[in-house]
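Below: one structure, written as structure tokens.
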Amino acid sequence: MDALVQASRKALRSQRRGLTQTEQRRAAEAVAQSAKHLIANLNLRTLGAYWPNDGELSGLPILQEALVLGLTCTLPII
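This note's numbering applies: residue 15 is where the sequence shown begins, and numbers increase by one.
Right, dumping it as structure tokens:
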């Protein structure tokens with residue numbers, strides 16, 4: 015992997031880890047609100063997401079919105 019890409023990923027991970035849990039939750043909820051309209055308009059039946067790890071944005075609020083809209087939600091098998 016390119017050194018610049020690796021350095022960028024490392025910097026972003028560090029910034030994400032620096033957010034408080036409240037900030038992380040608010041960000042995830044804001045993305046879920048935006049995704050709600052997109053999900054509703056795409057006529058989806060299934061939505062896949064990941065379990066948040068290492069300060070990543072949580073996809074769980076998006077999954078909650080998808081469940082309310084009647085979608086089947088999946089997580090990867092690791």
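Backbone N, C-alpha and C define an ideal beta-carbon position, used for all residues, glycine too.
Remark: C-beta atoms of L85 and L52 do not approach each other more closely than 8 angstroms. Straight-line spacing of the CA atoms in L56 and V19 works out to 32 angstroms.
For L81, the enclosing alpha helix (DSSP H) covers residues 74–82. Within 10 angstroms of the beta-carbon of I76 lie 16 or more other beta-carbons, which makes it buried. At the C-beta level, L74 and A54 stay beyond 8 angstroms of one another. Under the Cβ criterion (8 angstroms, minimum of three pairs), the segment 59–69 counts as touching the segment 23–33. Residue state for L85 is assigned as coil, using DSSP reduced to three classes.
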